[in-house]
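Worksheet: one structure, shown below.
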Amino acid sequence: MKQIIVGMAVGLGLWWSGGALAQEEIVRYTITSVAENRMTEEVSLSSADITPASAPWTLVKETLHGGKQEGVEIITLDNGVLQIVVVPTRGMSIFQVTKGDVRLGWDSPVKELVHPQFIDLESRGGLGWLEGFNEWMVRCGLEFAGHPGRDQFTTNTGDTAEMDLTLHGKIGNIPASEVEVLVERNAPYRITIRGVVHERLFFGPKLGLVTEVSTEPGSDTFRIHDEVTNHGASDQEFQLIYHGNFGAPLLEAGAEFVTAARQIMPMNAHAAKGLSEYRHYKGPTPGFIEEVYLMEPWSDKNGQCGALLKNRAATRAASVHWNIAELPYLALWKNTVAEADGYVTGIEPAMSYPFNRRVERAFGRVPKLAPGETRSFTLDFGIHEGKEAVEKAEWRIEKIRDGRETTVIETPPELPE
Amino acid sequence: MKQIIVGMAVGLGLWWSGGALAQEEIVRYTITSVAENRMTEEVSLSSADITPASAPWTLVKETLHGGKQEGVEIITLDNGVLQIVVVPTRGMSIFQVTKGDVRLGWDSPVKELVHPQFIDLESRGGLGWLEGFNEWMVRCGLEFAGHPGRDQFTTNTGDTAEMDLTLHGKIGNIPASEVEVLVERNAPYRITIRGVVHERLFFGPKLGLVTEVSTEPGSDTFRIHDEVTNHGASDQEFQLIYHGNFGAPLLEAGAEFVTAARQIMPMNAHAAKGLSEYRHYKGPTPGFIEEVYLMEPWSDKNGQCGALLKNRAATRAASVHWNIAELPYLALWKNTVAEADGYVTGIEPAMSYPFNRRVERAFGRVPKLAPGETRSFTLDFGIHEGKEAVEKAEWRIEKIRDGRETTVIETPPELPE
Amino acid sequence: MKQIIVGMAVGLGLWWSGGALAQEEIVRYTITSVAENRMTEEVSLSSADITPASAPWTLVKETLHGGKQEGVEIITLDNGVLQIVVVPTRGMSIFQVTKGDVRLGWDSPVKELVHPQFIDLESRGGLGWLEGFNEWMVRCGLEFAGHPGRDQFTTNTGDTAEMDLTLHGKIGNIPASEVEVLVERNAPYRITIRGVVHERLFFGPKLGLVTEVSTEPGSDTFRIHDEVTNHGASDQEFQLIYHGNFGAPLLEAGAEFVTAARQIMPMNAHAAKGLSEYRHYKGPTPGFIEEVYLMEPWSDKNGQCGALLKNRAATRAASVHWNIAELPYLALWKNTVAEADGYVTGIEPAMSYPFNRRVERAFGRVPKLAPGETRSFTLDFGIHEGKEAVEKAEWRIEKIRDGRETTVIETPPELPE
């Protein structure tokens, strides 16, 4: 068996670290590595090679072709139940996760996984990010994560100057520098896709993201575990929003959003009008104008908070749980426009709200990382099928609420000049 | 024969759709396809394989290397008389068309077919398009097609905001998502290069261009047939200019432009000074400042209008004919600068004039496409050699004029604020 | 031997020009060529193939992979003493030069050789260049070379308009169009890496850079010889700064900068405070604000001037010499920040100071090239090891000074509005 793995791995241009393979508890495959000057065009792994005692799983890495997706790399991990598609070329975003005919993902009018070479974030007054927006899970950040517009920064002469931030930051359009797959050789045989993405410049932030997407063979849950580190020598502001986007089949007329919020407020006057109905979704509605609701979640004694989207019949749902200390805010983005324009809702655990960083800073929601400091973020996702499973997932959130009320602020926040 | 085609096609990574080959009337080769995740580096087809009864022709697809052209794909169709070079990587622009030593094309100071990865349309205050400008036929559009500068757009909140348009729009720097070759197996054995180019973003236009360049074996004419569709759910403004550019050998001192114009006016005060000589060209003139003339063509009972450029001796000409209902305007761009700076004239059938969209909108020249609506554009080009052929081509335009006068407006239009 | 070279060269996709090889005095290998539509992924040459009588040398061309360095080409020339790494993809910048454990180079927080496809020079208000800044020697230019900000340019209508210049210009992020290696078959067997980089656009500058980096087998010196040509038909402003950057091991606490300056002044009020200590370096200092000193060097009767950086113990140094008529100015950039932020000093022979071109023009420091005019620039570099060699290198600069004084201007220049 060992020889077969070796043969396969070398044949595929894969490598593993460490010594005697049989004694390793974790097998590690390098797919892309700046450190090793390596990029593997195609990779194909399976349970038979590494974890024969586990449920069957496969991992395939491919390169996309044609149009704006030319050269984009994707990794598809099929754990036997879930198919998770990670996009190393686009900052380790997750294109979609499917379980049978349930999908975490949506139908964006942007039809290709766009290579960053074709994205100009400065386009349209800082809205260029929208030309590549179609993944299920996109991180917004790391230097800035919210709306475009003027904000201050510190120049090379130590002075304060102004620059135009671009929508949702850069991290989603930076290719990963290191990509590897880690497989536990013993039960529960956890499989992890790990990527390292650098958002660095001279006279600017030196931020690093180490992201892990992992699951177990046969499981209907998976985890995102991220670490953000300040590699610079000065304190560094940073922002992070987990912009998770859902369309059909979970989103539909009558679909419902569930969370346990300590407080909710509309992001602007338009959203204020829809506040009483914020939990409920319309079907595709041509001309619908987006509504955003800003929440502070309740958490349980372990700091866990959660949110859930279920279909009208309450037979299918997707849930996310995370720690309030890591991501204290939650934005709900309702954009139930016509299907052709991108019928979608965003459930967005975050370190701040999606206003421009200037606004977030004024409200004290832009933390700093000390030199060398790392912050971790863990999000657990589940796909729930059947009325019973959906009820159980809802019940978990009700337990977090534990009977506590939601303070509803009916007017949007007054923004600083 | 069938097996040979199969062998060749598979060996080249080509595929065709449909069933029994012998019964197909059109053979279809996919070169690039997002839908099929395919990009073929090199392709070589010829008449012997598909249309042995026709005049000989060849089609070759190559990838360019070095400098800013690294990775640019070109397709050269030689119908036995014309060599047509299409550039899928640059929005299906046509680099040049040659017939013997006559050329539709010019010598731009930009010497490489520049890959869009090296173009920043926002550069130089919205003039970055000029860093890749060297093709014979470039489409300007689709969201906007004219001069750079501020204009309004509708934001994601439904509000009207302002953005900076960039010169001549994006479509010429978007790689085609689908590229295929269609060959009729029966006379006249028409050969078509078809491309699909998407200009799409979230919270913005969802416009699609399907473009066909086609000719027949042995012919000295060819056709561009384009369709532009609004794939969004709301009405969508769009613009389209066919920016056809000619240098030597047709353009020279004493060369002449011929059309049948109902009305002509200069684009600015500088052009007004040269109005009386608008039909005639100077030789390369260092320091020459461009002159642009704006025309509404006359059309015949079928709606056909036309224009022509002939050399001094009237022994060579190129002509274009199109339908006035599709492209009601014609701009003539005279830029007879020194050869080193790009000695060129542009003959530009268009949906509008090349002012900023803000201006064109004010004059009512920016149409909208309803959701799902498609508009078609057909342009027929000919290369004419010999005095007799040139006279015949001129006579065709005189027949369109049919004795009608040209209204000459001697001052440029007053532009809105 | 001839056949072996032929076989190897063809096998590697290399070609040489000219006729009978045995009679050629210079063997020429084309690595990349737009003219020949060629790009060779991997190249490996050595003395045994071409110059068996010389000291051993090797030349290897590789392509980098992963993250933002995907697709970047580098050429490493090892002359037996020096290892010189040239980056054709980034305007023929020189990543580093090493001799044993001495290095011309530095540790930038930007860790990858960034492909231009990932650079947006317009980013951060014109500071996007900093996202790729990590080479030892980067040319700034050619249309503009200094600080970002508004300046005038001439539009296509001959009018004067304004555009935002971006930091340090474009040339360092343009891939070379032609790259070749030239090897002399006779002593001293000089080996040259030649690149051609075009900075061209329609309605804009048509500037060309031909750069040669050359050394001899066994030597501890090397030369940069550049030619800049105006390929346009009008006079053309241009700028050029040789931004040479040094970190450890030469730069350290107590390291010293040596030159023979006719005049020195601080670039701004902050630098003025450190003027008396401008020659001496601090160790890595968190929070250090950059200091820039502007000098006019003394030159000897041949026009040669020089500068040198030596370590604290004066046991290691790097020197540069050039002709005052070619590069009349020298900027010293002290940026002794923390190692994590990029501990570095720049020694920058130049045609002007690094102010915005608007400022440089006002001071008469922006020359023009006439149509077809070429200017040449030659810089000779040495790495000196051992107290004696360092003293000798210092003595060479003292001889240039020849006892002449340095005029110290204690306040920064007053800049034009």
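Residue numbers (this note's numbering), protein chains in the order written: chain A, 1 to 417; chain B, 1001 to 1417; chain C, 2001 to 2417.
Backbone N, C-alpha and C fix where the C-beta goes; we use that ideal spot for every residue, glycine too.
**Message:** List, in chain order, every chain A residue whose beta-carbon is nearer than 9 angstroms to that of Q958 of chain B.
**Reply:** Nothing about residue 958 of chain B can be read from this structure; chain B reaches only from 1001 to 1417.
**Asked** So with Cβ pairs under 8 angstroms, would you call V2034 of chain C a contact of chain B?
**Response** yes
**Item:** Beta-bridge pairing of E2199 of chain C - partner residues as DSSP gives them
**Value:** C:L2207
**Request:** Go ahead and pull the three-state DSSP assignment for N2173 of chain C.
**Result:** N2173 of chain C: helix per DSSP, three-state reduction.
**Asked** Is L1332 of chain B closer than 8 angstroms to M1295 of chain B when the C-beta atoms are compared?
**Response** yes
**Interface partners of Q2069 of chain C on chain A, CB under 7 angstroms** = V34
**Message:** Can you confirm whether the region 216-227 of chain A touches the region 184-193 of chain A when touching is taken to mean that 3 or more C-beta pairs between the two stretches lie within less than 8 angstroms?
**Reply:** yes
**Prompt:** I think V1082 of chain B touches V1097 of chain B, with their Cβ atoms under 8 angstroms apart; what is that distance to the nearest whole Å?
**Reply:** Just to set this straight, residue 1082 of chain B is Leu in the shown sequence, not Val. With a Cβ gap of about 6 angstroms, L1082 of chain B and V1097 of chain B count as contacting.
**Message:** Rounded to the nearest angstrom, what separates M1039 of chain B and Q69 of chain A at their Cα positions?
**Reply:** 11 angstroms
**Message:** Using C-beta distances below 6 angstroms, list every residue in its chain close to I1224 of chain B, excluding the 5 sequence neighbours before and after it, in chain order.
**Reply:** V1213, L1379
**Request:** Please classify L77 of chain A: does DSSP put it in a helix, a strand, or coil?
**Result:** strand
**Message:** With DSSP as the reference, identify every bridge partner of K1368 of chain B, one or two as the case may be.
**Reply:** B:E1237
**Message:** Based on DSSP bridge pairs, tell me the residues matched to K310 of chain A.
**Reply:** A:E256, A:A317
**Prompt:** In whole angstroms, what is the alpha-carbon distance linking T1229 of chain B and M1351 of chain B?
**Reply:** In a straight line, the C-alpha of T1229 of chain B is about 15 angstroms away from that of M1351 of chain B.
**Message:** Using only the alpha-carbon positions, how far apart do T58 of chain A and T2315 of chain C sit?
**Reply:** 58 angstroms
**Request:** On a CA-only basis, which of C:E2410, C:N2335, C:N2186 is nearest Q2263 of chain C? Give me that one, please.
**Result:** Minimum Cα distance to Q2263 of chain C is reached at C:E2410.
**Request:** Spell out whether any CB of chain B is found under 8 angstroms from the CB atom of K282 of chain A.
**Result:** no
**Message:** Relative to the C-alpha of E2178 of chain C, which candidate in C:S2299, C:G2172, C:G2091 has its C-alpha closest?
**Reply:** Comparing alpha carbon positions, the residue from C:S2299, C:G2172, C:G2091 closest to E2178 of chain C is C:G2091.
**Prompt:** Does the distance from the CB of L369 of chain A to the CB of P349 of chain A come in under 8 angstroms?
**Reply:** no
**Message:** Suppose you measure from the CA of E1252 of chain B to the CA of K1334 of chain B; what does that come to, to the nearest Å?
**Reply:** 12 angstroms
**Message:** Please state the DSSP three-state secondary structure of P297 of chain A.
**Reply:** strand
**Prompt:** Name the residues in the region 2181-2208 of chain C whose C-beta lies less than 7 angstroms from a C-beta of chain A; which are they?
**Reply:** none
**Message:** Can you check which of these residues, A:A53, A:A48, A:Q304, A:V86, is closest to L62 of chain A by C-alpha distance?
**Reply:** The sequence shown places Glu at residue 62 of chain A, rather than the Leu named in the question. Out of A:A53, A:A48, A:Q304, A:V86, A:V86 has the C-alpha closest to the C-alpha of E62 of chain A.
**Message:** Quick check on W2129 of chain C: does DSSP put it in helix, strand or coil?
**Reply:** helix
**Message:** Assuming P412 of chain A and A269 of chain A are in contact, meaning their beta carbons sit under 8 angstroms apart, how far apart are those beta carbons, in whole angstroms?
**Reply:** The beta-carbon separation of P412 of chain A and A269 of chain A, rounded to 6 angstroms, stays under the 8 angstroms limit for a contact.
**Message:** Once the 5 residues before and after T1285 of chain B are set aside, which same chain residues still bring their CB inside 6 angstroms of it?
**Reply:** Around T1285 of chain B: T1336.
**Prompt:** Do N1245 of chain B and W1106 of chain B have their CB atoms nearer than 8 angstroms?
**Reply:** yes
**Request:** Give the secondary structure of D341 of chain A by DSSP, where H, G and I count as helix, E and B as strand, and everything else as coil.
**Result:** Residue state, collapsed to three classes: helix.
**Asked** What distance in whole Å lies between the Cβ atoms of E1112 of chain B and V2034 of chain C, which are believed to be in contact at a cut-off of 8 angstroms?
**Response** 6 angstroms
**Prompt:** Is the Cβ-Cβ distance between F1381 of chain B and A1318 of chain B less than 8 angstroms?
**Reply:** yes
**Asked** Which whole-angstrom value is the C-beta distance of V183 of chain A and I50 of chain A, which I expect to be below 8 angstroms?
**Response** 5 angstroms
**Message:** Could you check whether the Cβ of S2093 of chain C sits closer than 8 angstroms to any Cβ belonging to chain A?
**Reply:** Contact of S2093 of chain C with chain A is not assigned, every C-beta pair being separated by 8 angstroms or more.
**Message:** Helix, strand or coil, according to DSSP, for H65 of chain A in the structure here?
**Reply:** Correct three-state label for H65 of chain A: coil.
**is_contact[S1299 of chain B, chain A] using C-beta, thresh 8 angstroms** = No, S1299 of chain B does not count as interfacial toward chain A.
**Request:** Using a threshold of 8 angstroms, state whether the C-beta atoms of E2360 of chain C and G2146 of chain C are closer than that.
**Result:** Between E2360 of chain C and G2146 of chain C, the gap from beta carbon to beta carbon is short of 8 angstroms.
**Item:** chain A contacts from the region 2133-2155 of chain C (Cβ-Cβ distance under 9 angstroms)
**Value:** F2133, N2134
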